[in-house]
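Inspection log for the structure reproduced underneath, given as structure tokens.
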Amino acid sequence: MSLKTKMIPLAGAIAFAFAGSAAAQEVVIKIGHVGPVSGAIAHLGKDNENGAKMAIEELNAKGVMIGGKKAKFELLAEDDGGDPKQGTTVAQKLVDAKVNGVIGHLNSGTTIPASKIYNDAGIPQISPSATAVPYTNQGFKGAFRVVANDGQLGGTLGRYAVQISKAKKIAVIDDKTAYGEGVAKEFVKGAKGKGAEILVQEHTTDKSNDFAAILTTIKAKKPDLIFFGGMDAVAGPMLRQMKALGVNAKFMGGDGICTADLVKLAGDAIGEGQVVCAEAGGVLDAQKIANDNWKAAYKKKFGVDVQIYAPYVYDAVMTMVEAMKQANSAEPAKYLPVLKKIKYKGVTGDIAFDDKGDIKDGTLTLYTYKGGKRDLLAVTK
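Under my numbering, residues 6 to 386 are what the sequence shown spells out, in order.
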């Protein structure tokens, strides 16, 4: 055997050893994401998932070091269909997969039951969009959110309805979900506190598309404004039926209706300035450039505009990873104490959490719709 022949397997062995050494210096960190990427609000779930994908890709491109090793981030994306039972099933799936943290869920109705599963497993969870007050009132150490809650959201809308929109007689409809009922309840408090009369409180479901009976009852009471606690997939058809029945009232809702797709779902029934909604977050002037630039990058990558919460998902991932970096560990027990005290400047603003896990000094953004697009009214706290 020649010297040349002997050297070939030796070179291969050396290369294999170096490859093994490189692999040993890499740590895989699994980030779970859950949202409804099927069903009536799949467009919102996909929007959120896209935000997570952008964060993961950016982190891997940066070559983040954690615990002296290069971190390779993997996104484990699951679909809860907006259904609480499916939400707990996929939550357990992520726990079994030994994820290092979870971003989600989108809906309060899926976030709340899933949160117990993550809590029992000791896995931190940051919701980018669940606003129901009970989520962070459960006393779970690892439950956080990067948006304002229903107390802020509904209360602000209630006050706005009376003080700015000058509504005196109001009808309220909710979709019987944790989110819909919660935001409607807080809206009623805010509106009553400013002297409005609540004429009637009606209920539908998040799967309904026929509101003739409810709207006929409401029309007879001649409200100035109708508040709907629910999502855009229901609000759009409801607006169409309001127009068909000749219900001439302003329409208001929370973040669930405050999407780009509401224009398509409502068609010409959306009117000009008829609809007012609030996003449970928002950026002040000094931070607007970073937010606008991020949204432009999102559109370039995915070919569509942000629906609503993709930037909050992105920031939730980045905030969680920042805690891992500062803790020098991706182990939940080690980075959770850091996450509780984190201060992170994101594309949606400054992120820090109070003792419950709610975002400190959360902002709200009020919008209306004009010319087929969302039109900014105000950013408030």
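A virtual CB, placed ideally from N, CA and C, is assigned to each residue, including glycine. Keep in mind it's a predicted model, so treat the numbers as computed, not measured.
For Gly160, same chain residues with a beta-carbon under 7 Å away, outside a window of 5 residues either side, are Glu191, Lys194 and Gly195 in chain order. Between Pro228 and Leu204 the beta-carbon gap is near 6 Å, inside 8 Å, which marks them as a contact.
Taking a C-beta distance under 8 Å as the contact criterion, Tyr340 and Ala321 do not qualify as a contact pair. In terms of Cβ geometry, Ala76 and Ile36 do not form a close pair [threshold 8 Å].
Here Thr324 is not near Val104, since their CB atoms are 8 Å or more apart.
The alpha carbon of Gly278 has as its nearest neighbour, out of Val42, Gly376, Gly44 and His208, the alpha carbon of Gly376.
Uninterrupted beta strand (DSSP E) stretches at least 3 residues long and entirely within the segment 249-334 occur at 255-258 and 280-284, given in chain order. If you look at His208, you'll find it in the beta strand (DSSP E) that goes Glu202 to His208.
At a Cβ-Cβ threshold of 8 Å, Pro133 and Ile117 do not count as neighbours.
With respect to Leu369, Gln157 sits close: the two C-beta atoms are nearer than 8 Å.
Just measuring C-alpha positions, the residue of Lys90, Ile347, Lys345 and Tyr319 sitting nearest Glu63 is Tyr319.
In the three-state reduction of the DSSP assignment, His38 falls in the strand class, which pools E and B. Buried is the label assigned to Ile219, since at least 16 other Cβ atoms lie within 10 Å of its Cβ. Note that the C-beta distance between Gln206 and Asp266 is not below 8 Å.
Lys348 is the residue among Lys348, Tyr372, Tyr374 and Arg379 whose C-alpha sits nearest the C-alpha of Ile364. Cβ atoms of Ala295 and Val352 come within 8 Å of each other, at about 5 Å.
According to DSSP, residue pairing for Tyr340 in a beta bridge does not occur.
Excluding residues up to 5 positions away in sequence, Val288 and Gln292 lie with their Cβ nearer than 6 Å to the Cβ of Gly354 in the same chain. A distance below 8 Å separates the beta carbons of Thr136 and Asn154. Under the criterion of beta carbons closer than 8 Å, Ala315 and Leu270 do not qualify as touching, at roughly 19 Å. Thr182 has no beta-bridge partner at all, per DSSP. Put simply, the backbone Cα of Asp101 is about 50 Å away from that of Ile169.
According to the DSSP assignment, Ala76 belongs to the beta strand (DSSP E) that extends over Lys74 to Asp84. Lys173 is the residue among Lys173, Glu186 and Thr209 whose C-alpha sits nearest the C-alpha of Gly200.
The straight-line gap separating the alpha-carbon atoms of Gln331 and Val343 is approximately 7 Å. Thr221 counts as exposed, since fewer than 16 other C-beta atoms from the protein chains shown sit within 10 angstroms of its C-beta. Membership of Gly56 in the alpha helix (DSSP H) is indicated by the continuous run Ala47 to Lys67. When Gly73, Ser113 and Ala66 are compared, the shortest CA-CA separation from Ala285 is found for Ser113.
Listed in chain order, the non-local C-beta contacts of Lys361 below 6 Å within the same chain comprise Thr141, local neighbours out to five positions each way being set aside. Around the beta carbon of Glu54, 16 or more other beta carbons lie within 10 angstroms, which makes this residue buried. The continuous alpha helix (DSSP H) containing Leu158 extends over residues Asp155 to Gln168. For Met236, the three-state secondary structure derived from DSSP is coil. Of the residues Thr210, Val95 and Ala217, the one whose Cα lies closest to the Cα of Gly251 is Ala217. Given a length threshold of 4 residues, each whole run of the alpha helix (DSSP H) inside the segment 109-144 is given here in chain order: 113-126.
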